[in-house]
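Encoded as C-alpha cells, the structure appears first; notes follow it.
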Amino acid sequence: MSITGRFMKNCSMDNPTCVVCGKQIGVRFYLCSVCEKTWGRRKRDWPEWLRFLVNDEKKERMRELRGYYDREISFSDYPEIDNMASTDVM
Ligand SMILES: [Zn+2]
997 MSITGRFMKN CSMDNPTCVV CGKQIGVRFY LCSVCEKTWG RRKRDWPEWL RFLVNDEKKE
1057 RMRELRGYYD REISFSDYPE IDNMASTDVM
C-alpha cells in the first residue's frame, strides 16, 4: 500500500462530510454535489458563513494531516500530499 493509502486508512480524515449538509464526500471536497449546485464551485461566490465553515474544515483537515506526518517525513517528499495541503479551497 502506498504512503497516501496508509494515511487515508489511518486518519479520521478518511470520512469527510459536506460542511453544509453533512453528507459523506471525497477527501478533496468540502461540499457535496447538491450543495455545490446550490452555492457554486467558486469560493468568491460563497456567502461569508460558508467560507467560514469551509476554512474551518480545511484547518481541521490540515491539522490532522500534519499531526500524522510531522515526526516522520517532510511534506515535500510526497508531492501528492503537498499538493493537497497547499491547494486553495476548490
Ligand atoms: Zn451538502
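Numbering (our numbering), first residue to last: 997 to 1086. Backbone N, C-alpha and C define an ideal beta-carbon position, used for all residues, glycine too. On a predicted model such as this, the values are computed, not experimentally measured, just so you know.
With 6 Å as the limit, the residues whose C-beta approaches any heavy atom of ligand 1 more closely are Cys-1014, Val-1016, Cys-1017, Lys-1019, Leu-1027, Cys-1028, Val-1030, Cys-1031, in sequence along the chain. The Cβ atoms of Val-1016 and Glu-1053 do not sit closer than 7 Å to each other.
In this structure, the straight-line span from the alpha carbon of Pro-1043 to that of Leu-1061 is close to 27 Å. If you draw a 10 Å sphere on the C-beta of Val-1030, you find fewer than 16 other C-beta atoms in it, and that means exposed. Of the other Cβ atoms in all chains shown, 16 or more fall within 10 Å of the Cβ of Val-1050; this residue is therefore buried. Rounded to the nearest whole angstrom, the CA to CA distance from Lys-1019 to Met-1058 is 20 Å. According to DSSP, Thr-1013 shares a beta bridge with Gln-1020.
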